Amino acid sequence: MIPTDGFQIPQKFIVAAILSACFVMTLSIPAFAAGKKIILDTDPGSDDAMALMLALNSPELDVRAVTVVPGNVTAKQGLENALRMISLANRCDIPVAAGAQHPLFQKLITAEFWHGKNGLANIELPPSKCKVDSRWGPDLIIELVHAAPHEITLVPVGPLTNIALAVEKDPSIIPLVKEVIIMGGSITGGNSTAAAEANIYNDPEAAQIVFHAGWPLTMVGLDVGDKTLLSPKYLEQLGQMHGPVNDFIYQVAHYLIDLSAKFGSSGTPMYDPLAVGVAIDATLVKAPPMHVDVETRGEFTRGETVANRHNMVERNVLHGDRYMVEGVDKVEPNAKVCVEVDADRFLQLFVSRIRGK
Ligand SMILES: [Ca+2]
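In the numbering used here, each residue's number is its place in the sequence shown (first place is 1) plus 2.
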């Protein structure tokens with residue numbers, strides 16, 4: 003007969019070994035592994051830099067890819083900037099892919115005027131240790147969405163060209179995307195023109211495709227970004243600590259705050275970072291559902307996000323030589339539109355994530 007003790011000791015040992023292994027595995031899983039999977043589509047871009055660093059340093063998020071779109075700078079410059087920033091953050095594990103080279107139907111408009119000659123507030127980061135991913139941005143989006151159905155949140159913070167190209171190439175991703183949180187649009191006037199916000203103005207046709215794709219979409223527009231001003235008070239908090247990311251973001255923010263001051267503002271609007279903030283914590287904003295169309299033809303309003311606040315339109319019926327209102331028809335909301343933001347809570351979150359990194 004085999005002595006029971008002979009079994010008991012190895013059993014105890016095995017159980018202990020398994021528990022130890024689990025413990026070690028738990029410790030070795032990076033904190034971001036359990037986070038919300040996002041793809042950041044970006045035109046970096048100085049506020050894009052802040053958005054990227056916020057995403058990379060927030061345990062709630064798991065950045066699965068960075069795809070680059072032309073906008074604030076050319077596609078080539080944007081790719082270089084993205085690679086250098088990912089390298090600065092020591093995250094060569096995250097694929098960085100080039101995407102569209104120009105908007106769908108119009109000439110590219112770049113904004114070095116606002117973002118500095120290189121798009122990154124004229125700060126020269128060291129050359130990247132990371133290599134560009136060989137896949138095309140929209141293809142990478144398609145591939146990652148299929149690899150993790152219902153898990154990927156798209157966070158586009160530039161013109162919507164790449165997202166529209168992905169949808170056009172493979173519409174089957176639409177029901178598989180968890181949600182889309184865009185920085186773009188406005189329901190209270192624009193910054194590129196009286197009516198249009200820059201990301202939408204720079205590719206209105208792409209924006210119309212993305213707004214009407216039929217997926218859960220949140221619009222983090224100019225209106226709420228303008229209420230979220232990073233002021234010298236917050237800059238000072240970043241200046242108290244040091245680290246490669248901290249010091250880079252400090253310089254970017256310093257540049258943007260100085261630029262804003264020239265235009266009479268007490269701080270720099272955190273447009274792109276706020277979209278990442280909403281991905282981290284949706285309770286930062288109030289975002290009622292609305293039906294949003296993108297104006298693609300208006301003489302003065304091309305690129306405007308036209309939001310139906312009441313989700314109703316009059317039903318006009320032709321009677322002889324005129325139309326008569328015979329009632330109202332309901333229109334279905336296609337976006338949650340941010341109208342209020344807890345700016346201070348967001349800015350504190352931002353500073354807390356960047357400090358000392
Ligand atoms: Ca941007």
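C-beta: ideal position from N, C-alpha, C; glycine also.
None of these values were measured; they are calculated from a predicted model.
Report whether the distance from the Cβ of residue i to the nearest heavy atom of ligand 1 is below 8 angstroms.
i: P1; result: The displayed coordinates of the chain run from 3 to 359. Any statement about residue 1 would go beyond what the structure contains.
i: D49; result: yes
i: D205; result: no
i: T163; result: no
i: D274; result: yes
i: M185; result: yes
i: T112; result: no
i: T270; result: no
i: T44; result: yes
i: V98; result: no
i: G305; result: no
i: G139; result: no
i: G223; result: no
i: V159; result: yes
Could you pull the start and end residues of the alpha helix (DSSP H) that residue i belongs to?
i: R324; result: No alpha helix (DSSP H) holds R324; the beta strand (DSSP E) holding it covers 324-332.
i: N248; result: 246-264
i: R347; result: 345-356
i: A67; result: Taken as a continuous stretch (DSSP letters only), A67 belongs to no alpha helix (DSSP H), being part of the beta strand (DSSP E) at 63-70.
i: V134; result: It is not in any alpha helix (DSSP H) - V134 carries neither H nor E in the DSSP assignment.
Determine the extent of the beta strand (DSSP E) in which residue i is found, giving its start and end residues.
i: K78; result: Element bounds for K78: not the beta strand (DSSP E) but the alpha helix (DSSP H), 77-90.
i: P158; result: 154-158
i: N310; result: 307-310
i: K38; result: 38-44
i: M52; result: No beta strand (DSSP E) holds M52; the alpha helix (DSSP H) holding it covers 48-58.
i: H321; result: 314-321
i: V222; result: 219-222
i: K338; result: 337-339
* Answer yes if the region 92-99 comes into contact with the region 224-235, meaning at least three C-beta pairs across the two stretches below 8 angstroms, and no otherwise. => Touching, no, given that fewer than three Cβ pairs across the two stretches are closer than 8 angstroms.
* the region 253-262 touching the region 288-301, judged by at least three CB pairs closer than 8 angstroms -> The region 253-262 makes no contact with the region 288-301: fewer than 3 CB pairs, one atom from each, lie closer than 8 angstroms.
* Which runs of the alpha helix (DSSP H) spanning at least 4 residues fall entirely within the region 137-191, listed in chain order? -> You should have 139-149, 163-171.
* To do: Kindly confirm or deny that the region 231-244 and the region 188-196 touch, where touching means at least three C-beta pairs closer than 8 angstroms.
  => Fewer than three pairs of CB atoms, one per stretch, sit closer than 8 angstroms, so the region 231-244 makes no contact with the region 188-196.
* Could you name each continuous beta strand (DSSP E) segment of 3 residues or more that falls completely within the region 269-301, going from the start of the chain to the end? => For secondary structure counted as the beta strand (DSSP E) over 3 or more consecutive residues, the region 269-301 holds these complete runs in sequence order: 291-296.
* To do: Tell me, please, whether the region 299-311 touches the region 255-267 by the rule of three or more beta-carbon pairs shorter than 8 angstroms.
  => When C-beta atoms of the region 299-311 are compared with those of the region 255-267, fewer than three pairs fall below 8 angstroms, so the two segments do not count as touching.
* Given 8 angstroms as the limit, is there contact between the region 103-118 and the region 57-68, that is, 3 or more CB pairs closer than that? -> The region 103-118, when compared against the region 57-68, does not touch it at the 8 angstroms Cβ threshold.
* To do: Kindly confirm or deny that the region 119-136 and the region 151-165 touch, where touching means at least three C-beta pairs closer than 8 angstroms.
  => Counting Cβ pairs under 8 angstroms, fewer than three are found: no touch.
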